[in-house]
Each structure stands twice: as C-alpha cells, then as structure tokens.
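> Take a look at this one; I'll ask things after.
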Amino acid sequence: MNCPVAVADSLDAAQAVVDTLGSRRPPVLTCWLGEKSPTEARRLFASRRIPTYETPEQAIRALRHLSSYWRNQQSLMETPPAVSDAITIDQAKAESIIDGVLEDGRSVLTEPEATAILAAYDIPTAPAITARTPEEASQAAQQLGFPVVVKILSRDISHKSDVGGVQLNLASPGAVLQAAEDMLASIQSIAPKARIDGFNVQSMIHRPDAHELIVGVAEDSVFGPLILFGQGGTAVEVIGDRVVGLPPLNQLLAREMIQESRISRLLRGYRDRPATDLEAITLTLIKLSHLVCGLERVVELDINPLLADPSGVIALDARIVVRAERAHRRPLAIRPYPYQLEQEIETQRGGRYALRPIRPEDENALVDMLRRSSKEDVRLRFFNTIQNFDHAFAARLTQIDYDREMAFVAMPPGEASIVGVVRLLATPDKEDAELAIMVRSDMKGSGLGYCLMEKILDYARSTGIRHVFADVLRENHRMVKMAEELGFAIEPKDNSSDPPMVTMTLDLAE
1 MNCPVAVADS LDAAQAVVDT LGSRRPPVLT CWLGEKSPTE ARRLFASRRI
51 PTYETPEQAI RALRHLSSYW RNQQSLMETP PAVSDAITID QAKAESIIDG
101 VLEDGRSVLT EPEATAILAA YDIPTAPAIT ARTPEEASQA AQQLGFPVVV
151 KILSRDISHK SDVGGVQLNL ASPGAVLQAA EDMLASIQSI APKARIDGFN
201 VQSMIHRPDA HELIVGVAED SVFGPLILFG QGGTAVEVIG DRVVGLPPLN
251 QLLAREMIQE SRISRLLRGY RDRPATDLEA ITLTLIKLSH LVCGLERVVE
301 LDINPLLADP SGVIALDARI VVRAERAHRR PLAIRPYPYQ LEQEIETQRG
351 GRYALRPIRP EDENALVDML RRSSKEDVRL RFFNTIQNFD HAFAARLTQI
401 DYDREMAFVA MPPGEASIVG VVRLLATPDK EDAELAIMVR SDMKGSGLGY
451 CLMEKILDYA RSTGIRHVFA DVLRENHRMV KMAEELGFAI EPKDNSSDPP
501 MVTMTLDLAE
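Each residue of the sequence shown is one higher than the one before, starting from 1 at the first, in full-length UniProt numbering.
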C-alpha cells in the first residue's frame with residue numbers, strides 16, 4: 001500500500017515493486033491511494049498484470065476472496081471418511097411407493113408414504129399406525145402405548161397444524177378419541193373441501209434435550225436439486241436459518257453445511273444443555289443426498305422437525321412431492337457416484353474381484369497399493385521414480401468427476417485393499433480418451449490386467465468414445481503385448497522422447 005507524500009514519488013515505489021517481483025507471480029495485491037497522482041503507477045501494475053486497487057477496502061476484499069478460494073481448494077482436496085457401508089438403502093421399495101402415488105393421480109405423498117420412503121433410506125422415524133376413524137385411532141394408540149400424537153391424514157392439507165390437525169401428548173384412549181373427533185370438526189369448519197383419509201397415530205417422542213431441525217430437498221432453476229439444512233419447528237419461515245448444499249454430499253460437505261448454520265452453535269452444547277450427536281445429523285444429510293440422487297422423481301422434500309439430541313436423530317414429520325417424469329427434473333449440478341457401474345468380475349484364470357468406480361475415500365487404499373508395488377512397476381506407470389505418495393498426489397487420482405474421467409478399482413471380495421486400477425481421461429469433446437492401468441506387483445500374471453482393460457474399453461464404448469490411446473514406455477513389454485492382443489496399433493513416439501516411448505491406439509468405432 002502506498003500513500004502519496006511530498007518526499008517520495010509513487011511511480012518510483014511502484015517500479016520498485018515491479019522490479020522486485022520480476023517474472024515471479026506470487027499473490028501480491030497493490031493499493032496506491034490518491035485520485036490523480038497514482039494513475040501512472042496503476043497503469044504500470046496493470047501492464048505487468050499485477051492486481052491493483054484504489055481503496056484499502058477493495059484490496060482487503062480481494063485478499064479475503066483469495067483466502068476463501070484457498071480454503072475451498074484445501075477443502076476439496078480433503079479425504080472424506082468412508083460411510084457408504086454404514087448406509088442401508090432399499091431403493092426398489094421407495095420407487096414402488098412413488099409408483100403407487102402416481103398411479104393414484106397424486107403428486108403429494110401422505111405422511112405414512114413419506115415416512116416409508118425415509119425408512120427405505122435408513123432415516124430413523126417414529127413408530128406410527130394409520131387409522132381410518134377416531135375409534136380405530138384410539139385402538140392404534142393402545143397398540144403403540146401412551147402417550148401418543150394424532151395427526152390428520154389428508155392429501156389436501158400440507159400444513160396440518162394450521163388447521164388444528166395435530167394433537168400432542170395424548171395419554172389415554174378417551175383422549176385420543178376426543179382429539180380425533182375435534183380434528184374432524186375443526187377441519188370441517190376451516191377447510192370443508194379437504195378430503196380426509198384418516199389419522200396417523202404416532203408414538204410421542206419425549207426428548208427434552210433435543211433440537212428441532214429441518215432438512216429437505218428443493219429444486220433450483222439453475223443448479224437443479226439442492227439439499228437444505230437449518231433450524232426447524234413451526235417458526236421455520238420466521239427464523240430463516242437455512243443452509244444450501246449441492247448433492248452428492250460426503251461427510252466433509254455435510255459437516256460444512258451444519259457448521260454454516262446458525263443453530264450449529266447450539267448443537268455443540270451450552271450450559272447444562274448437552275451436545276447433540278453431530279455424526280448422526282451428518283449421516284442423515286448424506287442419506288438424504290443418496291435419496292435425491294437415487295429417486296429422480298422427488299422434487300420437494302421436507303423433514304420438519306428432525307429431532308436431534310445426544311442419542312441421535314429421529315424424523316417426526318415429512319412431506320414429499322414427486323413428479324411423474326424423471327426427464328423433467330433438472331440434472332444434478334455435480335455428477336453423483338455411479339453405483340450402477342459396480343459389478344463382480346472374473347478373470348480368465350478364475351480370479352474373482354469386486355470392480356467399482358474409485359471414490360475419494362479410497363486414497364489410503366490406493367497409496368497402500370502403490371507402496372506394495374515394486375519401484376520399477378511404479379516407474380513404468382508414472383514414467384518417473386516416486387518416493388513420496390503424498391496427499392496431493394493421491395487426491396488427484398481418487399477425486400474424479402465421473403464425467404470426463406473414470407477410474408475402476410479391483411478389490412478382492414470382502415476386502416478393502418486395491419489390487420488394480422484402470423483409468424480413462426477423455427478430451428473435452430469426448431471423442432478421444434487416454435488410458436492408464438496398473439496392477440499391484442504381486443498380482444501380475446493373474447489375468448487381472450487383461451480383464452480391467454476389457455472393462456474400461458466396454459465403458460468407453462458405452463459413453464460414445466471413438467478412440468482410446470496411451471503413451472507407454474517402450475521397455476514396458478508386458479503392457480505392449482497385452483495391448484496388441486486387444487487390437488491396439490503400436491507406433492513409436494517421435495525420436496525426441498526420452499525415455500523412448502510408444503503410442504498405443506485403438507479405434508472403437510470400427
């Protein structure tokens with residue numbers, strides 16, 4: 001920062017900054033104060049592509065943007081913990097519920113239907129029984145045990161509490177009967193045209209230390225499906241505590257959503273109020289991410305309230321809106337993990353392996369595979385001797401977009417270790433793609449490499465890629481021989497390459 005003074009020239013100071021930086025480009029921001037005197041200095045900075053600002057506020061704002069960008073990049077490179085195995089999903093059950101709703105000519109699910117979909121995605125819900133009449137509601141309450149909650153069931157009423165459609169903490173059969181009859185009378189007065197389907201009798205969940213949260217799904221005209229999180233309850237619109245995230249979510253992204261909300265400070269505990277189970281909230285957001293990625297017909301979803309306390313979370317009420325055609329939903333802004341590509345493979349020599357797309361949480365397993373391979377095999381794969389498989393190196397190999405880049409890992413059944421990786425990186429037009437493969441040294445000769453090559457070529461064909469190529473060290477005779485057997489054309493690379501290399505090319509359009 002420079003402030004014009006009579007004893008020093010602002011342009012000379014600017015020239016000194018330029019000379020000191022030379023050809024280097026560290027993150028330097030300049031701020032030369034004044035109206036007319038710094039004009040030439042600013043032109044000098046602009047000609048050397050050095051950021052310059054007229055006021056300290058502008059410079060500080062730019063510095064904050066740089067800092068925020070750096071933090072975001074560091075966050076993107078973090079390795080998320082593995083949670084996929086902790087989630088049980090019954091997508092077929094959820095799809096069948098949606099099919100039934102659409103066949104009935106509806107788009108809004110009843111609360112029991114919405115609760116069943118949450119249960120299919122392993123989101124805890126309160127025990128409940130559906131009843132058609134006040135008498136059946138009283139009997140259902142006795143089956144569940146007191147106290148209970150009684151809610152009206154109506155496809156025409158979205159906010160039940162607005163019409164007197166929710167009664168809490170009912171402690172006897174008579175109280176349930178009276179509450180159900182009062183609901184019918186209230187709705188007949190407030191919303192006489194609403195169709196009444198019955199009652200939902202639910203166990204009264206008593207958690208004095210719980211916080212009411214809201215989690216949900218909405219659709220944006222630009223970014224497609226969004227995941228929402230914040231403070232819930234009947235005053236949710238007034239409080240306005242909502243954080244938005246883009247699916248798919250991993251643990252790191254879900255935790256960041258929680259931390260950005262205002263209620264997060266309360267969730268960590270205060271005074272005699274214990275901290276909530278933040279891991280349970282995180283896992284619920286991840287399950288919701290799986291739901292929105294898997295159920296393309298879901299366009300709106302609200303869980304309000306989601307109770308959270310030290311013992312976990314439980315959904316007390318849910319609303320889901322679906323659309324008939326999958327194609328009408330805007331695509332996800334971020335391509336989700338392609339579960340449909342997971343499969344079991346068998347090599348020509350009888351070896352069986354689990355084959356799936358690589359995940360960010362595979363970083364440690366990938367590094368372990370490289371460390372258990374010989375230095376020579378690592379050199380043949382990366383064209384260089386690598387001494388340190390650091391986080392930045394491994395993250396670039398495990399954090400892919402599943403669009404232009406795809407990588408399959410092979411794992412022995414029931415094990416978390418990786419024994420082979422095959423990778424494809426397409427050009428922006430997705431006409432051509434570069435291939436790379438590596439099998440752990442002790443697995444060479446097992447037929448795994450050949451099987452991985454066949455699978456990645458099948459994937460390339462399915463995505464419309466026309467040509468696959470790879471640059472390989474000429475001394476990598478095993479790779480060259482396998483490529484020839486698969487139909488690749490082998491040509492020497494230009495004579496200037498050091499070490500000598502060959503280019504392997506396969507035309508998939510033939």
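All C-beta atoms in this analysis are idealised placements derived from N, C-alpha and C, irrespective of residue type, glycine included. This one's a predicted model, so the numbers in the text were calculated from it and none came from an experiment.
What does the Cβ neighbour count give for Y69, buried or exposed, with the cut at 16 atoms within 10 Å?
Y69 is exposed by the Cβ-count criterion.
> Taking the alpha-carbon positions, what's the N388 to A308 distance?
43 angstroms
> With DSSP as the reference, identify every bridge partner of A354, one or two as the case may be.
E344, M411
> So, under 8 angstroms CB-CB, D197 and S154 are touching, yes? Tell me the CB distance rounded to an integer number of Å.
6 angstroms
> Please determine if the segment 365-385 and the segment 338-356 are in contact, where contact requires at least 3 C-beta pairs separated by less than 8 angstroms.
no
> Less than 7 angstroms separating the beta-carbons of C293 and P331?
no
> Spatial neighbours of C451 within its chain, please: CB distance less than 7 angstroms, with the 5 preceding and 5 following residues excluded, ordered by chain position.
I345, T347
> Residue ranges of each alpha helix (DSSP H) run of no fewer than 4 residues wholly in the UniProt domain "N-acetyltransferase" (353-509), ordered along the chain?
363-371, 375-382, 391-398, 448-462, 477-485
> Does the beta-carbon of H159 have 16 or more other beta-carbons within 10 angstroms, so that it is buried, or is it exposed?
exposed
> Please classify N200 as buried or exposed, where buried requires at least 16 other C-beta atoms within 10 Å of its C-beta.
N200 should be labelled buried.
> Helix, strand or coil for F199 per DSSP?
strand
> Is V28 helix, strand or coil when you go by DSSP?
coil
> According to the neighbour-count rule (16 or more other Cβ atoms, all chains shown, within 10 Å of its Cβ), is D104 buried or exposed?
exposed
> Using the C-alpha atoms, what's the distance from L508 back to F383?
26 angstroms
> Would you check if there are 3 or more beta carbon pairs closer than 8 angstroms linking the segment 134-145 to the segment 169-187?
yes
> So within the segment 238-307, which uninterrupted alpha helix (DSSP H) runs reach at least 4 residues, ignoring any that extend past its ends?
251-260, 264-267, 278-294
> Whose C-beta lies closer than 6 angstroms to the C-beta of P500 among residues of the same chain, with five residues either side of it excluded?
R474
> Return the residue from the list I303, P310, R323, E405 that minimises the CA-CA distance to L316.
Comparing Cα positions, the closest option is I303.
> Per DSSP, which residues does R319 bridge with? Please list them.
D302, per the DSSP bridge assignment.
> What whole-angstrom Cβ distance do F45 and T52 have, given they're in contact under 8 angstroms?
4 angstroms
> I'd like to confirm the pairing. Which residues does DSSP put opposite F229 in its beta bridges?
V215, V243, per the DSSP bridge assignment.
> Measure the alpha-carbon distance for F223 versus D498 and round it to whole angstroms.
46 angstroms
> May I ask you to report which of helix, strand or coil DSSP gives Y53?
strand
> Looking only at its own chain, which residues have a Cβ that is under 7 angstroms from the Cβ of K287, when we skip the five neighbours before and after it?
Excluding positions up to five away in sequence, the list reads I87, Y121, D122, I123.
> Ordered along the chain, which non-local residues of its own chain (more than five positions away) have a Cβ less than 8 angstroms from that of D277?
Spatial neighbours of D277 in its own chain (CB-CB distance under 8 angstroms, excluding positions within 5 residues in sequence) are listed in chain order as A308, D309, P310, S311, G312, V313.
> Quickly, what does DSSP pair L153 with across the bridge? List them, please.
G198
> Distance check for D241 and V108, CA to CA, integer angstroms please.
25 angstroms
> Can you give me the Cβ contacts of M257 inside the same chain, cut-off strictly under 6 angstroms, excluding the 5 residues immediately before and after it?
Excluding positions up to five away in sequence, the list reads F229, V243, G245.
> Mapping DSSP to helix, strand and coil, what is T125?
In this structure, T125 counts as strand in the three-state DSSP scheme.
> At what residues does the alpha helix (DSSP H) containing L177 begin and finish?
173-190
> With 7 angstroms set as the bound, which would you pick, yes or no: does the beta-carbon of R265 sit closer than that to a beta-carbon of chain B?
Looking for chain B here will not work: only one protein chain is present.
> Please name the residue or residues paired with A8 in a DSSP beta bridge.
V5, per the DSSP bridge assignment.
> Do you know offhand how far residue 572's Cα is from I97's?
There is simply no residue 572 to check, as the chain begins at 1 and stops at 510 in what is shown.
> Per DSSP, what are the beta-bridge partners of A141 in this structure?
Answer is none; A141 lacks a bridge partner.
> Looking at T125: is its Cβ nearer than 7 angstroms to the Cβ of A119?
yes
> Beta-carbon separation of S10 and P38 under 7 angstroms?
yes
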